[in-house]
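Numbering (full-length UniProt numbering), first residue to last: 1 to 363.
Here you go:
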């Protein structure tokens, strides 16, 4: 009788058997991002209503609730709800950063092909989401759909009137005509969200930022419900902050890539009148022999000329900074539409920035 002895295996071989790699979670079709701040009483209904609206939708969904430093136990309630709901992904920020940052945090971890947003106070109706998502899926000419609360359930003086004035002002200043910039119920294609970055209070101007990123926008009437639980986080001071933020967004949208146009324009508007006033005073001194040293016009002319020169210099410096910014970026300063294949004017695989011998051409 003969025996075949297998070659010995080292102890390391037994101890280092690789564990199977975890299977990556399937990417859902829709990611719903909701910023949460002290809404503990509304969370259970919010989660159930979103599930009821999207559970039957093909491709699945995920609900990302971003707790923006709540102090009423909203974070604990979200964790408890997520324990039995694998599609609920709570995210807790270290402190209260504001709605824009909370939305950006949700966008950063969203995995869906489409991304939707709504408020956590239940004034937006999650039942409107399927219709908006269906419109986005079936209409290739739309990249973003913004809700319009055409029958708002808020106080006329405290909310509706200031909002109406703000909407008209923002539409006029940004040339993006919407009835309701403040409605949080919106849906986007993923590529649009990836092109914008929110900070400060820019969540109010997402449609303008999306348009600047190449989005084609539609507006659809949606339901609006009165707040029944919790306390509103908005006050009349929000109107004044909107005006200040509007100045920033107009500058960013119109002059970000050509700052000399705004600074240089202001400089010329001040410097030219100042220079003409100085020439006039010089003529009075040389031709008519009149004293000009005590004239208020002399001081005004000098101030206007100096301020104009300062604005022009600021514009030149800004242009140089923008040149450094764009030349140092690893990617282009434009976006291509993913539904259009750009024509190719070269052989496949050839880099237009290289010579035939493979050397990179100098810029």
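Each residue gets a CB set at the ideal place from its N, CA and C atoms; glycine is no exception.
- Across the set 310, 215, 97 and 264, the C-alpha of 215 shows the shortest separation from the C-alpha of residue 146.
- In the DSSP annotation of this structure, the continuous segment of the beta strand (DSSP E) that includes residue 146 starts and ends at 144 to 148.
- In the three-state reduction of the DSSP assignment, residue 117 falls in the strand class, which pools E and B.
- Under the three-state reduction of DSSP, residue 38 is assigned to coil, being neither helix nor strand.
- For residue 301, the secondary structure class from DSSP, reduced to helix, strand or coil, is helix.
- In this chain, residue 176 is not harboured by any beta strand (DSSP E), its DSSP state being neither H nor E.
- Exposure of residue 199 is indicated by the presence of fewer than 16 other C-beta atoms within 10 angstroms of its C-beta.
- About 19 Å separates the CB atoms of residue 188 and residue 170; that is not less than 8 Å, and the two are not in contact.
- Nearest to residue 149 by alpha-carbon distance, out of 186, 270 and 311, is 186.
- Per DSSP, reduced to three states, the secondary structure at residue 139 is coil, with no helix or strand assignment.
- Counting only residues of its own chain and dropping the five nearest sequence neighbours on each side, residue 273 has a CB closer than 7 Å to the CB of 304.
- Burial state of residue 251 is exposed, judged by a 10 Å Cβ sphere holding fewer than 16 other Cβ atoms.
- By the C-beta criterion, the region 239 to 248 is judged not to be in contact with the region 290 to 308, since fewer than 3 inter-stretch pairs fall below 8 Å.
- Residue 165 and residue 226 have their C-alpha atoms some 21 Å from each other.
- A straight line joining the alpha-carbon of residue 114 with that of residue 209 spans about 17 Å.
- Here the alpha carbons of residue 296 and residue 288 stand approximately 18 Å from one another.
- The Cβ atoms of residue 315 and residue 281 do not sit closer than 9 Å to each other.
- In its chain, beyond the 5 residues on either side, 62, 63, 64, 65, 82 and 109 have a beta carbon closer than 8 Å to the beta carbon of residue 89.
- Burial check for residue 28: the Cβ neighbour count within 10 Å reaches 16 or more, so the residue is buried.
- In this structure, the CA atom of residue 161 is about 16 Å from the CA atom of residue 178.
- Per DSSP, residue 288 lies in no beta strand (DSSP E) segment and is marked neither H nor E.
- Within the DSSP bridge table, the entry for residue 61 names 30 as partners.
- Between residue 118 and residue 124, the CB-CB gap stays under 9 Å.
- Separation of residue 263 and residue 175 (C-alpha to C-alpha, rounded to the nearest whole angstrom) is 22 Å.
- Your pair residue 98 and residue 201 checks out as a contact, with CB atoms roughly 7 Å apart and the cut at 8 Å.
- About 19 Å separates the Cβ atoms of residue 220 and residue 112, ruling out a contact at the 8 Å cut-off.
- Within a 10 Å sphere around the beta-carbon of residue 217 sit 16 or more other beta-carbons, which makes this residue buried.
- Shown here, residue 190 sits in a helix according to DSSP, grouped into three states.
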